[in-house]
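Participant: Handing you this structure, nothing more for now.
Protein chains in written order, with UniProt numbering: chain A, 1 to 259; chain B, 1 to 430.
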């Protein structure tokens, strides 16, 4: 099924493997959250992960940048194997950007400082250069005029766009989105999705956990449906939405698309 | 402009704001709403006015009729002759003892005084970094060594050696940082120790090299002693408290256990017992020929004590941060030290400011407890040499009021500073 998704995609996807997850298992105590996950993501692929709450979709993408530890199986990102070695973890994290449901901007720093902090301290970029990069990405997410404000003075949609810009300032090769629009008021969802669509059009490798099915149809190469810690079904968006194979997928889609 | 004939009159100017009705503003309105808005409120106001009158009617004659020029309490009583005035002569005659203790050589009073004056140059760069250039922190960094030399005297080689040791240690720390934190810390400590030993020998061989006359620790006293203990212990216990708080959160079991045991033990023991330990028992733990200074022992104990409290205050601040902040820092690839220094601690410390200030003010006042282990701080001086002298036995109000004022000024200043700082660090609304 993965193969069809890659073949039918309308945009450039290389054969290069960006993320490879093999036979990965994770437990919280005795609770088996992720079961036998196998997932290969090509460079340039845009994947939407959906599923009922508690199905492990957030946990899955949080394992990719080691915010959560997995107990079995292997994850490698850009050929770097994720192990308990802190050097590898830091390397992977600086290559992988992440956006959170609650933005997690640093409230004590201005928007500009939020964006320049990691490039300056992790990449050792000179301050001036980091600020130029930050302004470039802030313009891209259309809020350069807010650069000297604090996160608390911005709306939710603006904060999420800053969070995206902050990740982009590290020039990541992969972006993870963990329900980026779930905490937003309805009228702000569009501005964040537009930013993400723009990013997708530029060929960024993206994994998005989201319930925005319109977004999935528009930009995803592949939609993954998870339930009870397993990948139940994955397919290109068109067949996924029009002709779901698995019973649980059908039930889920009928519930979220039904109204 | 279109004519609208159905409208008889259209105003072309905005109406200027009208003044509020009489009785809604001004002093009369304020009195009406705040002092006599109801019968109980009016009664409370009357009682309040009476209490203020009663206090002032006692206090003002006490101050105005007071005498400042007599030589002892008997002369005081003759001069005052029942007028109700205070015998403030004790302050004019003994102020030097209250400030410096009774054994600090009077010809050297300028030295601690100068050290105190320099404090006003050393502290602002650390307290007001947003208004002062960064290079002025050099003054803050040099101050401990200069103040030590001024107050204790001796050859200038001692503070220079101490400073050189710190600098070599810091240099070694930054150079070895890439090999891991433990290596860097170990290297820094060894480097500093080697330099200290070397300078110790040099200073021992040349005790007269650019020397101020040495004053021994046991001759320190008065409010100066409270200030020394307060300033040193506050500035040491905050960093130590941060380390303990982070250690208590550590995922490494050994570090965590050490920190938890330390904090819980020190918090469970009264400060006064720690001071007795410092005075008497601690000597047994040092090598027999070493003569660890009493003030140093007391500083160690008070610092440990308040560091444990500050650690718990900061732990509260750390716990108040959403986990998202840790995750965001991690996801950007910041390592532990960077995440703590740049993201977590600035926010946790900001939340902890009221608690830390509470501990700092308490610590400063607790320095008076050293009077119990026969050190003559301000309280020790008043209780001992002044009140038990034949000249001034029984002058309680004047001496204790003076002590209260000195402590109040410092503590109120700390409190005001912390309120101002909280306002400065507020970024959620403008």
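Even glycine gets a Cβ: it sits at the ideal position worked out from N, Cα and C.
All figures in this text were calculated on a predicted structure; none of them were measured in a lab.
In the DSSP assignment, find the beta strand (DSSP E) that holds residue 76 of chain A and state where it starts and stops.
Facilitator: Per DSSP, residue 76 of chain A belongs to the beta strand (DSSP E) from 72-77.
Participant: Using the Cβ count rule (16 or more neighbours within 10 Å means buried), how would you classify residue 166 of chain A?
Facilitator: Counting Cβ neighbours within 10 Å, residue 166 of chain A comes out buried, since at least 16 surround it.
Participant: Please classify residue 404 of chain B as buried or exposed, where buried requires at least 16 other C-beta atoms within 10 Å of its C-beta.
Facilitator: Label assigned to residue 404 of chain B: exposed.
Participant: In chain order, what residues of the region 114-127 of chain A put their CB closer than 7 Å to some CB of chain B?
Facilitator: Listed in sequence order: 117, 118, 121 and 122.
Participant: Using the Cα positions of residue 102 of chain B and residue 94 of chain B, report the straight-line distance between them to the nearest angstrom.
Facilitator: Whole-angstrom Cα-Cα distance: 9 Å.
Participant: Report the neighbours of residue 334 of chain B on chain A: residues whose CB is nearer than 7 Å to its CB, in chain order.
Facilitator: The contacting residues are 118, 121 and 122.
Participant: Below 8 Å on the Cβ atoms is my guess for residue 18 of chain A versus residue 48 of chain A; work out the distance and round it to an integer in Å.
Facilitator: That belief does not hold up - the Cβ atoms of residue 18 of chain A and residue 48 of chain A are roughly 16 Å apart, past 8 Å.
Participant: Determine the direct distance from the alpha carbon of residue 208 of chain A to that of residue 86 of chain A, and round the result to whole angstroms.
Facilitator: Roughly 26 Å between the two C-alpha positions.
Participant: What in chain B is Cβ-close to residue 73 of chain A, meaning under 7 Å?
Facilitator: Result: empty, since nearest Cβ-Cβ is about 21 Å, beyond 7 Å.
Participant: For residue 227 of chain B, collect the residues of the same chain with a Cβ closer than 6 Å to its Cβ; drop the 5 residues on either side in sequence, then sort them by chain order.
Facilitator: Hits under 6 Å: none found.
Participant: Nearest to residue 172 of chain A by alpha carbon, out of A:25, A:52 and A:91?
Facilitator: Looking at the Cα atoms, A:91 is the closest of the given residues.
Participant: Does residue 173 of chain A come out as helix, strand or coil in the three-state DSSP assignment?
Facilitator: Of the three classes helix, strand and coil, the one that applies to residue 173 of chain A here is coil, per DSSP.
Participant: Between the Cα of residue 201 of chain B and the Cα atoms of B:38, B:185, B:158 and B:362, which residue gives the shortest distance?
Facilitator: Checked all of B:38, B:185, B:158 and B:362; the closest Cα to residue 201 of chain B is B:158.
Participant: So is residue 179 of chain A buried or exposed if we call it buried at 16+ other beta carbons inside 10 Å?
Facilitator: Result: buried.
Participant: Tell me whether residue 303 of chain B is buried or exposed, calling it buried when 16 or more other Cβ atoms sit within 10 Å of its Cβ.
Facilitator: With 16 or more Cβ atoms within 10 Å of its Cβ, residue 303 of chain B is classed as buried.
Participant: Under the DSSP definition of a beta bridge, which residues are partnered with residue 206 of chain A?
Facilitator: For residue 206 of chain A, which the question treats as bridged, DSSP gives the partners A:46 and A:175.
Participant: Interface residues of chain B around residue 104 of chain A at Cβ under 7 Å?
Facilitator: Within 7 Å Cβ-Cβ: 324, 325, 327 and 328.
Participant: From residue 354 of chain B to residue 233 of chain B, what does the alpha carbon distance come to, in whole angstroms?
Facilitator: Between residue 354 of chain B and residue 233 of chain B, the C-alpha separation is close to 18 Å.
Participant: Within 8 Å of any Cβ in chain E, is that where the Cβ of residue 427 of chain B sits?
Facilitator: Annotation note: the requested chain E is absent from the structure, which comprises protein chains A and B.
Participant: Which same chain residues end up closer than 7 Å to residue 75 of chain A when comparing Cβ atoms and leaving out the 5 residues on each side of it in sequence?
Facilitator: For residue 75 of chain A, where only same-chain residues beyond five positions count, the Cβ hits under 7 Å are 21, 24, 63, 64 and 82.
Participant: Against chain A, does residue 347 of chain B count as a neighbour if the rule is that its beta carbon must be under 8 Å from one of theirs?
Facilitator: Chain A contact via Cβ: present.
Participant: Kindly indicate which three-state DSSP category residue 27 of chain A falls into: helix, strand or coil?
Facilitator: Of the three classes helix, strand and coil, the one that applies to residue 27 of chain A here is strand, per DSSP.
Participant: How is residue 269 of chain B classed by DSSP in three states: helix, strand or coil?
Facilitator: Residue 269 of chain B falls in the coil class under three-state DSSP.
Participant: Look at the alpha carbon of residue 430 of chain B and the alpha carbon of residue 46 of chain B, and state the distance between them as a whole number of angstroms.
Facilitator: Low local confidence applies: a pLDDT of 47 at residue 430 of chain B is under 50, so the model's placement there is unreliable, with the coordinate-based value given in what follows. Taking the straight line from one Cα to the other gives about 40 Å.
Participant: Under 8 Å between the Cβ atoms of residue 138 of chain A and residue 331 of chain B?
Facilitator: Contact: no.
Participant: Considering only residues of the same chain and omitting the five flanking positions on each side of residue 150 of chain A, which have a CB-CB separation below 7 Å?
Facilitator: Closer than 7 Å at Cβ, skipping near neighbours: 107 and 110.
Participant: Quick test of the definition: if touching needs 3 or more C-beta pairs under 8 Å, does the region 192-203 of chain A touch the region 235-243 of chain A?
Facilitator: With the cut-off at 8 Å, the region 192-203 of chain A and the region 235-243 of chain A do not touch.
Participant: Once DSSP output is grouped into helix, strand and coil, what is the label at residue 211 of chain B?
Facilitator: It is a strand residue.
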